[in-house]
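Going down the list, the sequences are from chains Z and B. Numbers 2 to 502, taken from the working numbering, label the letters of the first sequence in order. Numbers 2 to 502, taken from the working numbering, label the letters of the second sequence in order. Note that the Cβ used here is the ideal one computed from N, Cα and C, for glycine as well. Worksheet: one structure, shown below.
2 protein chains.
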Amino acid sequence: MTIPLFFFIFILIVSLSSESRHLPHYRIRNNNNNNNNNNNNYLGKQQKYTYEMRYFQQTLDHFSFHDLPSFQQRYLINTDHWVGPNSPILLYCGNEGDIEWFAVNTGFVWEIAPTFGAMIIFPEHRYYGESLPFGSRDEAYKNASTLAYLTSEQAIADFAVLITDLKRNLSAQASPVILFGGSYGGMLAAWMRIKYPHIAIGALASSAPILQFDDIVPLDTFYDIVSNDFRRESTSCFETIKKSWGIITSESQKPNGLDRLAKTFHLCGKLNKSDDLFDWLESAYSFLAMVDYPYPSDFLMPLPAYPIKEVCKVIDTYFDGSSILERIFKGVSVYYNYTGETECFDLDDDPHGMSGWDWQACTEMVMPMSSNRNSSMFWEWDYNFTSYAKNCWDQFRVIPRPNWITTEYGGHNYKSVLKTFGSNIIFSNGLLDPWSGGSVLENISESIVALVTEKGAHHLDLRAATADDPDWLLEQRASEVKIIQGWIADYYKKGKAVFSM
Amino acid sequence: MTIPLFFFIFILIVSLSSESRHLPHYRIRNNNNNNNNNNNNYLGKQQKYTYEMRYFQQTLDHFSFHDLPSFQQRYLINTDHWVGPNSPILLYCGNEGDIEWFAVNTGFVWEIAPTFGAMIIFPEHRYYGESLPFGSRDEAYKNASTLAYLTSEQAIADFAVLITDLKRNLSAQASPVILFGGSYGGMLAAWMRIKYPHIAIGALASSAPILQFDDIVPLDTFYDIVSNDFRRESTSCFETIKKSWGIITSESQKPNGLDRLAKTFHLCGKLNKSDDLFDWLESAYSFLAMVDYPYPSDFLMPLPAYPIKEVCKVIDTYFDGSSILERIFKGVSVYYNYTGETECFDLDDDPHGMSGWDWQACTEMVMPMSSNRNSSMFWEWDYNFTSYAKNCWDQFRVIPRPNWITTEYGGHNYKSVLKTFGSNIIFSNGLLDPWSGGSVLENISESIVALVTEKGAHHLDLRAATADDPDWLLEQRASEVKIIQGWIADYYKKGKAVFSM
Chain Z
2 MTIPLFFFIF ILIVSLSSES RHLPHYRIRN NNNNNNNNNN NYLGKQQKYT
52 YEMRYFQQTL DHFSFHDLPS FQQRYLINTD HWVGPNSPIL LYCGNEGDIE
102 WFAVNTGFVW EIAPTFGAMI IFPEHRYYGE SLPFGSRDEA YKNASTLAYL
152 TSEQAIADFA VLITDLKRNL SAQASPVILF GGSYGGMLAA WMRIKYPHIA
202 IGALASSAPI LQFDDIVPLD TFYDIVSNDF RRESTSCFET IKKSWGIITS
252 ESQKPNGLDR LAKTFHLCGK LNKSDDLFDW LESAYSFLAM VDYPYPSDFL
302 MPLPAYPIKE VCKVIDTYFD GSSILERIFK GVSVYYNYTG ETECFDLDDD
352 PHGMSGWDWQ ACTEMVMPMS SNRNSSMFWE WDYNFTSYAK NCWDQFRVIP
402 RPNWITTEYG GHNYKSVLKT FGSNIIFSNG LLDPWSGGSV LENISESIVA
452 LVTEKGAHHL DLRAATADDP DWLLEQRASE VKIIQGWIAD YYKKGKAVFS
502 M
Chain B
2 MTIPLFFFIF ILIVSLSSES RHLPHYRIRN NNNNNNNNNN NYLGKQQKYT
52 YEMRYFQQTL DHFSFHDLPS FQQRYLINTD HWVGPNSPIL LYCGNEGDIE
102 WFAVNTGFVW EIAPTFGAMI IFPEHRYYGE SLPFGSRDEA YKNASTLAYL
152 TSEQAIADFA VLITDLKRNL SAQASPVILF GGSYGGMLAA WMRIKYPHIA
202 IGALASSAPI LQFDDIVPLD TFYDIVSNDF RRESTSCFET IKKSWGIITS
252 ESQKPNGLDR LAKTFHLCGK LNKSDDLFDW LESAYSFLAM VDYPYPSDFL
302 MPLPAYPIKE VCKVIDTYFD GSSILERIFK GVSVYYNYTG ETECFDLDDD
352 PHGMSGWDWQ ACTEMVMPMS SNRNSSMFWE WDYNFTSYAK NCWDQFRVIP
402 RPNWITTEYG GHNYKSVLKT FGSNIIFSNG LLDPWSGGSV LENISESIVA
452 LVTEKGAHHL DLRAATADDP DWLLEQRASE VKIIQGWIAD YYKKGKAVFS
502 M
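What follows is the structure, encoded as C-alpha cells:
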C-alpha cells in the first residue's frame, strides 16, 4: 500500500527537475486529491466538536469590477456558548485546506470559547475544501485565468466581507472579533489584523512565518533549524544524515544503483532519479521538525512523542554493521511507517502538481530558502529566482511577484512599523519548528507580543489540550487567554464607542 | 461660446433620468474630454514648478494573477531640494484627473519641499491623464471589463509599488515618505497611511470625506452645508434660491415654458426638461461652496474672493422689479461667466457620461446624499439605492457595492479604531466646504489630528501661498509643517531601525 498523504500545512519540496535542481518550493497535499475514506477518517477520529455548516455567497474579485460569478464560501459556525450580541466572536482564518480538518485540529479555539461566551466561526479559504469558484475543483483549477483569484488579499477580504455581513444579520455589530490562525492561517490572521483593524480587535498568529520573504531572514534559516533539531538530539544522527546524500548520489551513478536504492528504501515503483529520493527524505526530516510534539500525535502521521528523538535513536542504534542507507531508511520509517503497516512507499504522491498551494507559491507566496553546507545536514543549494520562476511558468503559465508580499503587508521594517502603528497581535512560536525562523520572536510593544517556547513545534498551542501537555505549553496557552481577555476588556471599556459596521 | 469645462474635483450632478429622478451622483469632467488648448491653458498660466515626467511599468491587477498587459503609469518628479538618501519624499496621491493639473494646483507641496530637503513625487492615478491601461483612453474606457481595474485599492497599490521600486533604485530605502492629497486624493492619502503604514510615515489628507459612505454621516449633510454657506451670507438670497425650484417647475409646465426658461438662462440650445436646469444650477451652488476661497481664484472658474458673497449680492440687489429667475440667472452668472465673455451656456457638457469618476461612483465610491426640505435651499429628494444602481447598470453594466468601502477601509467606528491603531494623519478641512461634513473634524489622538478652519473651503491649504492669504490660513499651513516635521524627527530618532523596503 502507499503511504497515507493527508495533511495541509506547508510541505517543503525540493523541486528536482533538471532545469531547477534544488529549488525549494512548497506543495500542499490536500484531501481533494484523495478519496472520501480519508475525508471520513479524520472526522471520524476527531469529531468531538459540533458546528453548523453554512455557505455564503462570496464576491470572487473584491478589488476589481468584472462581471464574474460569485461563489459559495463554506463556513462552520457554533453559537452554543455565545451570550449574544456584544459577546465575542472567535474567527479562525481558514488556510490551505478543508476547513473541517482545521476545525478538528484547532481544539484550543473550541476549548476557550465558553470562557469568553464566544461564537466560533471557521470560514474556509477560497479554492480549498468546498469553497470552489467556478462550480467545481476541476473548473477552479483549470488554468491561470481561473486560478487568478486565489490570493491572500482576496482570502482576507472574504473573511472581512463574511464577518461584516454575519454581524449585521445578527445585529451583533458591537461584538469584538478575535482572529486565530496557524501557519499560513496565522499569517492571514496577523495580516488581517494589520489591514482590517476596524473588523478584528486582535489576532493570535501561531507559527506564522510573515518574515520568510525577500531577504528579511537569512535564507538558510529553515534548514538550519531542521538540522539543529536533529543535532540537538544526536550529533552522530546529524552526521549520518549529512553523509547520506553523497552516498545516495554515488550509489545512483553506479550500474543498477537506482534499482538498489529503490530496494533499500522499499519503494513500490522504480526510482527514476536520486533527486526524487532526496525530496522524499527531505520532506520527512522537515515535517518531523514541524511536528516534533511532546506527546504522541497523529496530526500528519501517527507518531510517537518527540519523534526526532525516536528517529535518531533508530539511526544511531540500528544493528551493528548496518549501512548508512539502511539506518536512514529505518529512521525515516519512524515517520512514514510508524504503525508498521506500510509495505512499500510511493514517492510520487501528487502527480498533477496542481494544488492550490503550488499556485500560491508561484504567484505571491515566494519564500526563498537555501541550504548551507556549513550548518545544514542537507545537501547544499542556493536560492535561484530565475529557475523558480521558470518552474512556475512551466507549471502554471504565471510569473511570480517575489516582492509583492512585503510591499502589500510590510516586513523589512516590521519592528518600527508595528511598534508605532499596530496593536493586539500575539505571535506564538515553538523554536523546534523550522518556520519559527521566519516569524516574530521578540515583543514589539506592550500589545504586540511574542510567546516563544523552547520546546514547542508547529502551532502546537492551537491543538486541543491533552493529558500529556507539559507545563510550558499550559503556561503558553494561559498567557494567550489572559492577553485576549485583556483585549476584550479594553474593548468593552472603550467601547461605549460602539464597534458597529 | 460654451463655458470652459475644465476641472477635476468632485462634481455633484443630480441625475435626472425619469427612472432615477433626484438621484445624486458624481461626475468628473476632465481635460481628456477637452482639447489640447485647455490642456495648455492651465500649464501656460501656472507653469511655475519644474519637474521631470517619467513613466513606470505598472501592474494592472495587484490582487489577482491574470495574464494582463501592464500599463505605463506617469509620474512627475523633482529632486532639486532632495538632500539624498534618508531625506524625505513628499508624495501627492494623484486623484481623478491629469496629474500635471494637480501638480500646478498643489503649490503647498512645492513650497515646503526645500524646508524638508525633500524629493517631490506626483504619481498619476490610473485611468486618468496619460496613465491609461490598454494603450488608449478609448480602449481603457471601452466597457466594464476594461474599466474593471479602476478602483481605489488598485490605485493605492500602484503608489505603493511605484515608491518601493523608486526608493530601491535610488538606494533611498530609509527615506521617510509623507503622503499628501486633496478631496478624493486626500481619501487615498489617509487610506494609504492606514493600509500601508510600512510605506509612508504620515499623511496630510485635505478635505477628504472618508466618512461620506453608508449612513456614517446624515445623508443631507452635504446640501445642508452648501445651503448654510448661502444663508450665512444672506437669508434673502437663500430664500430666493429656495423659491426658484418651484417657479422653474411651474414655468416648465406652461405652454412654451421650457423655451422661455432657455431664454431667461441664456442657453445655447433647447431646454428639454426642467431637471437639466436644476442640475446646472445645483452644480453652480455646490461648486461655489467648495471654492468659496478668501481671495480671487481661477481653480475651477475665474472667480472673485468669497464668491458666494458676490452671488448673493447680485441675487439680492438686482434691479427693482426683476423676477426671481432673472436674479437667479444673474447670480449664477458670477460663477459661470465672471469674465463676461460667455454669450450662451451649454448644459450638456459630458454627452458620453463615460468619465472615470462616473465609473468609480458606480462601483465602490457610493456616497449617499439627500436634500431635506427643512434645512436645504435645494428641492427635496431622498437617497434611493435601487435607482442609483439601475442608473449604474444602464450606464456601465455594473452593480455598485455600496458597503465595500467601509468594509475595506473602515469608517463607522473610525474614532476608536484610529485611536487605538493608527497614527500620523492630519485631516484638514474648511467648514465652508460641503465635503467637510463627511470628513474627520475632531482630533482622534495625539498624532491623528483635525485642523479645521471656519472660513476655509475645499483643500485650500494645499494651494500655493498668495499675498492675500488670511492669517488663519497661514496658521493652518504652519501647523501642518510643524506636525510633519515632528513625524520626520520622530522617524529619524527611532529610525536607527532602518525603514528599508
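- Listed in chain order, the alpha helix (DSSP H) elements of length 4 or more contained wholly in the segment 351–377 of chain B are 357–362.
- Look at glutamate 154 of chain Z: its C-beta is under 8 Å from a C-beta on chain B.
- Within the segment 61–78 of chain Z, contact with chain B at the beta-carbon level (separation under 7 Å) is assigned to Asp62, Phe64, Ser65, Phe66, His67 and Asp68.
- Listed along chain Z is no residue with a C-beta nearer than 7 Å to that of histidine 459 of chain B; the closest approach is about 27 Å.
- Think of a sphere of 7 Å around the beta carbon of alanine 149 of chain Z: the chain B residues whose beta carbon falls inside it are Ser65, Phe66 and His67, in chain order.
- In the displayed model, isoleucine 121 of chain B falls within a strand according to three-state DSSP.
- Of all residues in the segment 197–208 of chain Z, only Tyr197, Pro198, His199, Ile200 and Ile202 come within less than 9 Å of chain B when Cβ atoms are compared, listed by chain position.
- Within chain Z, not a single residue places a beta-carbon under 8 Å from that of serine 88 of chain B; the smallest gap is close to 17 Å.
- For glutamate 53 of chain B, DSSP records a beta bridge to B:Ile78.
- At a Cβ-Cβ threshold of 8 Å, leucine 163 of chain B and proline 124 of chain B count as neighbours.
- Pairing glycine 439 of chain B with glutamine 213 of chain B gives a Cβ-Cβ distance under 8 Å.
- Of all alpha-carbon atoms in Z:Ser176, Z:Asp99, Z:Gln59 and Z:Phe160, the one lying nearest the alpha-carbon of tryptophan 488 of chain Z is that of Z:Ser176.
- With fewer than 16 other Cβ atoms from the protein chains shown falling within 10 Å of its own Cβ, glutamate 476 of chain Z counts as exposed.
- Between phenylalanine 379 of chain Z and glutamate 240 of chain Z a beta carbon distance of about 13 Å is seen, past the 8 Å cut, so the two are scored as non-contacting.
- In the three-state reduction of the DSSP assignment, phenylalanine 279 of chain Z falls in the helix class.
- Taking the CA atoms as reference points, phenylalanine 428 of chain Z sits about 27 Å from lysine 310 of chain Z.
- Remark: C-beta atoms of leucine 259 of chain B and serine 253 of chain B approach each other more closely than 8 Å.
- When only Cα atoms are considered, glutamine 361 of chain Z and alanine 119 of chain B end up about 39 Å apart.
- Restricting attention to Z:Gly136, Z:Ile157, Z:Phe320 and Z:Thr421, the CA atom closest to the CA of proline 198 of chain B is found in Z:Thr421.
- By the Cβ-count criterion, tyrosine 56 of chain Z is exposed, with fewer than 16 other Cβ atoms from all chains shown falling within 10 Å of its own Cβ.
- Rounded to the nearest angstrom, the gap between the Cα atoms of proline 305 of chain Z and phenylalanine 288 of chain Z is 14 Å.
- Distances from the CA of valine 441 of chain B to each of B:Ile90, B:Ser208, B:Phe64 and B:Leu69 were compared; the closest alpha carbon is that of B:Ser208.
- For phenylalanine 64 of chain Z, there is no enclosing beta strand (DSSP E), as DSSP marks it with neither H nor E.
- Judged by DSSP secondary structure, tyrosine 336 of chain B falls within the alpha helix (DSSP H) whose first and last residues are 325–337.
- The closest CA to that of serine 424 of chain Z, considering only Z:His267, Z:Asp491 and Z:Tyr307, is found on Z:Asp491.
- For the C-beta of serine 228 of chain Z, not a single chain B residue is nearer than 7 Å; the gap to the nearest is close to 29 Å.
- Among the CB atoms of chain Z, one or more fall inside 8 Å of the CB of serine 417 of chain B.
- The beta carbon of glutamate 112 of chain Z sits closer than 8 Å to the beta carbons of Ala465 and Ala466 from its chain, once the five residues preceding and following it are set aside; these are given in chain order.
- Residue state for alanine 451 of chain B is assigned as strand, using DSSP reduced to three classes.
- A direct Cα-to-Cα measurement between methionine 370 of chain B and tryptophan 473 of chain B gives close to 30 Å.
- A direct Cα-Cα distance of roughly 16 Å separates glutamate 53 of chain Z from valine 110 of chain Z.
- For alanine 204 of chain B, the uninterrupted beta strand (DSSP E) segment begins and ends at 203–207.
- Of all residues in the segment 415–445 of chain B, only Tyr415, Lys416, Ser417, Val418, Leu419, Lys420, Thr421, Phe422, Gly423, Ser424 and Asn425 come within less than 9 Å of chain Z when Cβ atoms are compared, listed by chain position.
- Here aspartate 221 of chain Z is buried, its C-beta having at least 16 other C-beta atoms within 10 Å.
- Sequence-distant Cβ neighbours of tryptophan 281 of chain B in its own chain, meaning closer than 6 Å and more than five residues away, are Leu348.
- Annotated three-state conformation of valine 227 of chain B is helix, per DSSP.
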